[in-house]
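For reference, the structure is listed below as structure tokens.
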Amino acid sequence: MEKELKEICGEALNSDKVCGFLCVDNNGLCLTACGDASEKSSGTVATIASLAQKLDSSNPIVSIESDKRKILIKTTNEITTAIYKNC
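Numbering-wise (the working numbering), the sequence shown opens with residue 5 and increments by one.
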């Protein structure tokens with residue numbers, strides 16, 4: 005599984021404007037992080053995804069935007085991913 009996650013991470017970083025990729029489990033344990041994404045934000049990303057599901061149980065996508073970057077967070081099959089994109 006670790007090899008697959010590293011491959012996905014590499015593919016994500018090759019996508020347009022993607023500068024980071026983070027994958028965590030439901031407990032906030034970092035499964036993989038690459039680029040500008042930090043393992044230190046694993047718990048925060050898991051919490052944001054969990055809170056979003058309380059507001060909308062239909063598998064929401066959370067978008068956090070700043071002047072410099074956009075972070076997209078989504079949970080699928082008990083794994084949460086965060087994609088960091090440069091603006």
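Quick reminder that beta carbons are idealized off the backbone N, C-alpha and C, glycines included.
**Study point:** CB-CB length for residue 88 against residue 75, believed under 8 Å
**Key:** That pair is a contact at about 5 Å.
Review point. Which term fits residue 46, buried or exposed, when burial requires 16 or more other beta carbons within 10 angstroms of its beta carbon?
Key: Classification of residue 46: buried, given that the 10 Å Cβ count is 16 or more.
Practice item. Could you check if residue 51 is buried or exposed, using at least 16 other CB atoms within 10 Å of its CB as the buried criterion? Key: So residue 51 ends up on the exposed side.
Practice item. Indicate whether residue 26 and residue 37 have their beta-carbon atoms separated by less than 8 Å. Key: A contact, by the Cβ cut-off of 8 Å.
Point to revise | Boundaries (first-last residue) of the beta strand (DSSP E) holding residue 67 | key: DSSP places residue 67 in the uninterrupted beta strand (DSSP E) bounded by 65 to 69.
Review point. For residue 32, which three-state DSSP category applies?
Key: Three-state result, residue 32: coil.
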